[in-house]
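These protein sequences, in sequence, are chains A and B. Numbered per the working numbering, the first sequence spans residues 52 to 970. Numbered per the working numbering, the second sequence spans residues 52 to 970. Since the structure comes first, as structure tokens, the remarks are kept for the end.
2 protein chains.
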Amino acid sequence: MAETKHVYRFGKDAQGNDVTDGESKMNYILGGKGANLAEMAKIGLPVPPGFTITCQTCIEYSGADNVWPEGVVDEIEAARADLEERMGKKLGDPSDPLLVSVRSGAPFSMPGMMDTVLNLGLNDESIKGLIAQTDNERFAWDSYRRFIQMFSSVVMGVEGDLFENAITTKKLAKGVKNDTDLTAEDLKDLVTEFKKIFSAHVDGAEHPQVVTDGKVSFPQDPDTQLMLAIEAVFGSWNNERAILYRKQNKISDDLGTAVNVQVMVFGNKGDSSATGVAFTRNPANGVKEFYGDFLVNAQGEDVVAGIRNTQPIEDLKRTPGVEEAGKQLEDVFLLLEKHYHDMMDIEFTIEQGKLWMLQTRVGKRTAAAALKAAIDMEKEGLIDKETAVSRVNPAQLDQLLHPQLDPKAKLDVLATGLNASPGAAVGQVVFSSNDAVKFAEEGKPCILVRWETNPDDLKGMVAAEGILTSHGGKTSHAAVIARGMGAPCVCGVESLKIDAAKKEARVSGTDVTLREGDLISIDGTTGRVILGEVELIRPELTGDLETILEWADEIRLDPEQGRVMGVRANADNPEDAQLSRDFGAEGIGLCRTEHMFLGDRKQIIQSFILTEDASEKKKACDDLMKAQTGDFLGMFKAMDGRNVIVRLLDPPLHEFLDDPRALDVEIAHLEEQGADKKVIAEKRDLLRRIDSMVEANPMLGLRGCRLGIVYPELTEMQARAIATAMAELKAQGLDPKPEIMIPLVSLESELAYVRGIVEGVIAEVEKEKGVKLDIPIGTMIELPRAAVTADQIGKHANFFSFGTNDLTQTTFGFSRDDVESAFIPTYLSKKIIKTNPFETVDDGVCKLIKMGCEGGRSANPDIKLGVCGEHGGDPDSIVKFYGIGLDYVSCSPYRVPIARLTAAQAKINAKKGDKFTDK
Amino acid sequence: MAETKHVYRFGKDAQGNDVTDGESKMNYILGGKGANLAEMAKIGLPVPPGFTITCQTCIEYSGADNVWPEGVVDEIEAARADLEERMGKKLGDPSDPLLVSVRSGAPFSMPGMMDTVLNLGLNDESIKGLIAQTDNERFAWDSYRRFIQMFSSVVMGVEGDLFENAITTKKLAKGVKNDTDLTAEDLKDLVTEFKKIFSAHVDGAEHPQVVTDGKVSFPQDPDTQLMLAIEAVFGSWNNERAILYRKQNKISDDLGTAVNVQVMVFGNKGDSSATGVAFTRNPANGVKEFYGDFLVNAQGEDVVAGIRNTQPIEDLKRTPGVEEAGKQLEDVFLLLEKHYHDMMDIEFTIEQGKLWMLQTRVGKRTAAAALKAAIDMEKEGLIDKETAVSRVNPAQLDQLLHPQLDPKAKLDVLATGLNASPGAAVGQVVFSSNDAVKFAEEGKPCILVRWETNPDDLKGMVAAEGILTSHGGKTSHAAVIARGMGAPCVCGVESLKIDAAKKEARVSGTDVTLREGDLISIDGTTGRVILGEVELIRPELTGDLETILEWADEIRLDPEQGRVMGVRANADNPEDAQLSRDFGAEGIGLCRTEHMFLGDRKQIIQSFILTEDASEKKKACDDLMKAQTGDFLGMFKAMDGRNVIVRLLDPPLHEFLDDPRALDVEIAHLEEQGADKKVIAEKRDLLRRIDSMVEANPMLGLRGCRLGIVYPELTEMQARAIATAMAELKAQGLDPKPEIMIPLVSLESELAYVRGIVEGVIAEVEKEKGVKLDIPIGTMIELPRAAVTADQIGKHANFFSFGTNDLTQTTFGFSRDDVESAFIPTYLSKKIIKTNPFETVDDGVCKLIKMGCEGGRSANPDIKLGVCGEHGGDPDSIVKFYGIGLDYVSCSPYRVPIARLTAAQAKINAKKGDKFTDK
């Protein structure tokens, strides 16, 4: 058996030759930090020498119940000896001691569990050497007390506050304010004090290595120090915190962490020393400029802690004592970008004029920066277009597409709810849709505040700047519609106790009561509700976004590069259709017709539903037909030459009716007031008819194609309106492309029946108008039964559109309307679920979608398969949909750019052999 | 290519030798009628000779657009000539004509499309021969007019009323009342009249065969008559009526019908002639006796029409003129039973003393008859036990298990609803559960009449004799609970307009208003509601049922004969548990705990839900724990030694709360009345808390395991009560076998979480009581996600129980509470669905169950798989469950016998290589 290498060296030897064993690709072996240290050393950058103990060693060690695998301790010993030889110094040497840092470094960044011990190698003897070498007694004692403090807390688990308290006590005794005011003598005292704390709080039985003659004392032997530190880092892989973090971030427990043992360099050795962090470009806007901060005569943590005012990185090369290192750093930046082909984030230290690189990794950036950097780098020849497209995080794009609260504003946050639709809005509080319309007409921006919204609120939602509800979740009516409109929305603010009749809302836990006309601001990106007006920032849609999306489309729409996934939009009116076209949608994947029945037309649909008279019903239907024809003329015209999938009427009919509960209360009042008996009788009759439509579970009731089967006249009316509009536009020489979608099908026979009606009507209109009307007919797949019997249903469908909202609802048995406020928050907090399945499509639901696709294609090889649920605009979901093999996604207009980008990235990953290529 | 035979002969030749080509097994070729005629002829019974044209000919003929396949006409001609030779007579012979009947006969009985033409071969010449041969002019002319009438309507499609009108006109003219009063001369006139009708109403262009010299006239050529009749029968296979019938009865369109051409025999040739129908045993009670009716000097249709009083079959052998034939018939009965090993239904005719058999088939029978006949035949050695078990239709058993309305009673049917729970009940109308309890206490039987019921009605439902609702379907609360209790229930009587406040119900379409105390009868077996009291018949549970069930169990529970499927019961209290044990249940597959929270305990659960005070919540929980422990002691004791699966709390919590809408109205009244503000404020506060629990779709809301996750204290309480009860009974030396079932799981993590809590509690109780408690823990699979991810969920489950009610609900997106009244009736009437999926499990749902089984077994090979939905007691569903491979079904106690029988039959069929053997 070949021996496995457990320890990898990096940096130079005594002769100045690079002896690095690893490279950046080896991050599964060396961890992210170790691999990049090796890479930097390899490409000639000044990296303090050291060695990395591999991640696999960690797994072996902890797998063997914290016993070292055979030979590994020897390997570490050898690496230490080698490092001492390379440096010409020894750990613990009383004359010129070598000091090292011990740091963890897993393959993926795991902030918060990165244990670090600095200045290892110091003891009561070697401190003398450090004083002698640096001629800086204060620095030396400070280094020693830091080491004891870190070692005690990180390696031995001693409560860190004990040390901080000792420092505070010392400062009080000395009457000084800052740590820096303590003298070398003070620090020396603290070292003594710290060693006492160590002896008092470390359990000798648990740590026999620190027991001498039955007494616990701070270990003086550098070997003991080193091995204990390494073991502590390995042990930290399996602490509760780390396990939880990995579970949350879906990081495998089998990866392990590496340990980096590296020679210490000091940025606090006087004015020719410094330390800093930097990005190779501006991470806020992507501009190609050096970006970062440094401090002269300081240690790394000082920069991050923000105790002292840092200097901008461009000043480094003009700062006396570090000028040369500063110039060298700029070359390093260029070299790193050229080498990594990306914007890098680095840490460096200058020790007495010499530059040392301590860390590099790919830099995090804003959406704007990601766009600009990607485009610039492509132009600079650093990366190709494909890479540029991959560099932008689609989820971040949302930032660019909506107004935001001024980040500098001081916020009086009144309450927090669900971030249901991104963007911010400011306006006066109104409690009804009518008031919202009134305010808007008077030119007063307003925020519509409701317990929850229903289709009748649409005009108010359109009139308002934003929507705020006390009930309902991220897929409630308010949230779905707001996202569709691109309007900011905060939902489910439970602390808001609304009394709409009184036009006021109490905020629990505060003494605030909001009244009509009060100014508030809402932030749909974070879910915050703020008292008063906050300045809004309307980000520009920069040309960079357009460029990246064009590049994305070049890849996405090129069949030679792999399967093409189209992007369509969900839009219910010509304005939204135009908007989605502007955002690059290739068609309309979902045009809901129920919103067309509101406003003036609500009376007509009400009379259709409630009348028991056949001729009245007929008249209502005819009136609707006329109005609908107009709707479709507008839609098809706006999308001339592109597909428009019109979904036949879907919601439960009683959504169009008045609230029986309110009517009930009204009648009670009228009765007590002794109102006219005839009036009461009429109201009672209305109530009876409405009650006859009430369902215990409307989501599972008379809706979708069931409506069109129970009331075939509605199906006929809609089909006729669509066909008529198409015929009229064709006569005008346009190219309308409607498709008809039948919702909520669970049975082959349902689809066959409704399709029969629709085809009959189309044939009639063709005959009447003397024109051929080619209108594909398909169905939503939004019930589990439809998915598992798609091989039957597919026989009658030209296309399937997966309605993932409803499919999620029935697959889980979670109500979209209720569930989020009822138990989804508990589920998230108890980690029963990782993400809300109404936001990112669930894997169980994906199984059904996959079955649906396979079934549909087996029945009809030409079938088009798409998705038009909310998930169509969610990046994680889009990647899954590409993997399943859908032909298109359809999402709200504002998410079309996100979908275009994500679909392109999914394709790029698929080309690279990502797991999603293999369906 | 071998020539296909299109025509098969049956009966004897001129020498008295049997020349039959077919047999009873050939019913797919000869049709049921033809195959059994052949079989009878083969075993030596006197069958009038004839021939059968095969079903395949029909398919070829109609497939070729009603053109005869080559050679077939010649084959028919030859068979006709052969028949003439065998009989020594010719069709149309003026001296002694042969007359034949032409009848259809498909492989499956299709009543209503069985076209028949009798007396074919008569014409203006051959009538003379018939007169001469029979010496009965009246008989001859009557035969001729019947032939013209049948031929015209069946073959030519002439409206039958035209002929009936002519007869009526004749009778009026002659001043007589009955057809039999018409003389030979009158009938001769009618023949002339009928021929005129023929000429006037047959379209010559459509039927060129009946046109001579440009004139339409009744065809005189027997060949033309025969071919037209045969073509008409074949054509009838594809008439609308027949196509619809086949669709409804799942009969393939590819089977075709055969045509039987058979020599006419006449039961109306004087007193030595007769005709009759009979069963080899009594089809009402199964007693081994000859059973049937005959008429002397009559034709077959006269017996069925009931115009003349028939005589019982046992008189036949004592009736002068037909004694010998009567004795011979009894021998035929014995021979048929011995040959067919079953009770047969026959038709016969005696022509001038000679017996002729015209038809035989397996006889339909009542449940009681089926049981008795099966047991007797086994004892007689006619059949084995397996066959006996297969002979009883499980669906029929229901008849034996519930009281019935006296079938002789004259019923004043007031309205009809859904037959939601079988059996009949009589009582006084009450409109509330409290009134039901009051009436019951006063010893007055009552019927609870409600819009719909909810868990709070349970005490009223128990107190009442039966339940009647105006809303809700067969799986509504009322229906499910009533079936569980074995109480008769009629649901969804839409014409009932209930005003519970006024204690009255108007019945639309009538002038009846039911008031409290009015006597009504309901029939849950048919859905009828009857005004007044109807006598009830309480059928005995005869020993026959027990015998058959014992035989069924011998087969069902024998592992050597194939996979064993157990039968358990759904029971929530010790009485039902005992009942189900008496009915042969092997355990309790579902003990719902929500019913245990009603009555006095409702207050406690209400206070648990509504209080915002932690100590009150705790106290409520402790109180529930004590009460629940008592519940479980009772259940486990009643089922000592057998499994009891206890399902943790399942329904939405707000089911335990008051109706917010009623409270709303109450507050409105109080406000108008100027009631105490404090009282109103308290009511408002209560309303607010109740409203905070209201969900738009409670079926998809906070229920099942979600409750146990949001309120872990409820889970702990229930687990502790179960474990404590088990420990106490073990201490008493009993053998309690509880299992804990976690409902409404959709995620592996949910089950793992709740299981963790339950296991923790069990371990605590084990420690406290010092006893080992082995309690299997499983889950309901009742959501599509659970079914498709059963491979994950199964890791944490000792058993799965498929909750097919909820699974059907979410797989289809049909609400159990609403859907049936809303659109299931429309779906059934429009043939969108064939059966209500809440009654017989749907194939799409079965796909998910199958996935669930496969997933569960892959995760845990020892997993037990069962079903506890309503479908567990439905025979068609039980057969599917056996096919899928479930380990047990669980159903309401009253359906346990049905399940035992069906499971045995499914196993027998599987052994025989039925399609369900192959999973």
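Idealized CB from N, CA, C, for every residue including glycine. Here the structure is a predicted model, which is why all the values come from computation and not from measurement.
Original post:
Quick one: what does DSSP say residue 65 (chain A) is sitting in, helix, strand or coil?
Top reply: coil
Original post:
If contact means a Cβ-Cβ distance below 7 Å, which residues of the region 737 to 754 of chain A contact chain B?
Top reply: 746, 747, 748, 749, 750, 751, 752, 753
**OP:** Please state if the CB of residue 816 (chain A) and the CB of residue 771 (chain A) are separated by a distance shorter than 8 Å.
**Re:** yes
Original post:
Beta-carbon of residue 425 (chain B) versus every beta-carbon of chain A: anything under 8 Å?
Top reply: no
Subject >> Segment limits, beta strand (DSSP E) that includes residue 917 (chain A) >> reply: 915 to 918
**OP:** Determine the DSSP secondary structure at residue 330 (chain B), reduced to helix, strand or coil.
**Re:** strand
Original post:
What is the residue span of the beta strand (DSSP E) that residue 852 (chain B) lies within?
Top reply: 850 to 853
Original post:
If you draw a straight line from the alpha carbon of residue 59 (chain A) to that of residue 82 (chain A), how long is it in whole angstroms?
Top reply: 12 Å
Original post:
Which residue from A:90, A:67, A:70 puts its Cα closest to that of residue 78 (chain A)?
Top reply: A:90
**OP:** Tell me whether the beta-carbon of residue 411 (chain A) lies closer than 8 Å to the beta-carbon of residue 397 (chain A).
**Re:** yes
Original post:
Do residue 273 (chain A) and residue 122 (chain A) have their C-beta atoms within less than 8 Å of each other?
Top reply: no
Original post:
the region 754 to 775 of chain B: which residues have C-beta closer than 7 Å to a C-beta of chain A, in chain order?
Top reply: 757, 760, 761
Original post:
When the Cα atoms are used, what is the spatial distance from residue 707 (chain B) to residue 865 (chain B)?
Top reply: 24 Å
Original post:
DSSP three-state call for residue 23 (chain A): helix, strand or coil?
Top reply: A query on residue 23 (chain A) cannot be resolved here, the shown segment of chain A reaching from 52 to 970 and no further.
Original post:
Taking the runs of the beta strand (DSSP E) that are 3 residues or longer, which of them lie wholly in the region 348 to 435 of chain A?
Top reply: 395 to 402, 405 to 413
Original post:
Using 8 Å as the limit for Cβ to Cβ distance, is residue 808 (chain A) near chain B?
Top reply: no
Subject >> Any C-beta of chain B under 8 Å from that of residue 898 (chain A) >> reply: yes
Subject >> Exposed unless 16 or more other CB atoms sit within 10 angstroms - verdict on residue 860 (chain A) >> reply: buried
**OP:** With a 10 Å radius around its C-beta and 16 neighbouring C-beta atoms as the bar for buried, classify residue 951 (chain A) as buried or exposed.
**Re:** buried
**OP:** Locate the alpha helix (DSSP H) running through residue 212 (chain B), then write down its first and last residues.
**Re:** 212 to 225
**OP:** Answer yes or no: do residue 702 (chain A) and residue 645 (chain A) have a C-beta to C-beta separation smaller than 8 Å?
**Re:** yes
Subject >> Inter-residue Cα distance where the pair is residue 500 (chain A) and residue 671 (chain A) >> reply: 33 Å
Original post:
With distances taken from CA atoms, which of B:64, B:168, B:117, B:894 is nearest residue 140 (chain B)?
Top reply: B:64
**OP:** Determine the DSSP secondary structure at residue 804 (chain A), reduced to helix, strand or coil.
**Re:** helix
Original post:
Straight-line CA distance for residue 468 (chain B) to residue 844 (chain A)?
Top reply: 32 Å
Original post:
I think residue 414 (chain A) touches residue 428 (chain A), with their Cβ atoms under 8 Å apart; what is that distance to the nearest whole Å?
Top reply: With a Cβ gap of about 12 Å, residue 414 (chain A) and residue 428 (chain A) do not count as contacting.
Subject >> Straight-line gap, residue 371 (chain A) to residue 307 (chain A) (C-alpha atoms, nearest Å) >> reply: 44 Å
Subject >> Per-residue burial, residue 651 (chain A) [other beta carbons within 10 Å of its own, 16 or more giving buried] >> reply: exposed
Original post:
Secondary structure at residue 616 (chain A), three-state DSSP: helix, strand or coil?
Top reply: coil
Original post:
Which first and last residues belong to the alpha helix (DSSP H) in which residue 285 (chain A) is found?
Top reply: 273 to 287
**OP:** Would you list the residues sitting across from residue 555 (chain A) in a DSSP beta bridge?
**Re:** A:550, A:566
Original post:
Rounded C-beta distance between residue 782 (chain A) and residue 847 (chain A)? I'm assuming under 8 Å.
Top reply: Not confirmed; about 30 Å, so no contact.
Original post:
In this structure, does DSSP put residue 103 (chain B) in helix, strand or coil?
Top reply: strand
**OP:** Apply the 10 Å Cβ neighbour rule to residue 305 (chain B) and answer buried if 16 or more other Cβ atoms are within range, or exposed otherwise.
**Re:** exposed
Subject >> Residue from A:458, A:463, A:484 whose Cα sits closest to the Cα of residue 474 (chain A) >> reply: A:458
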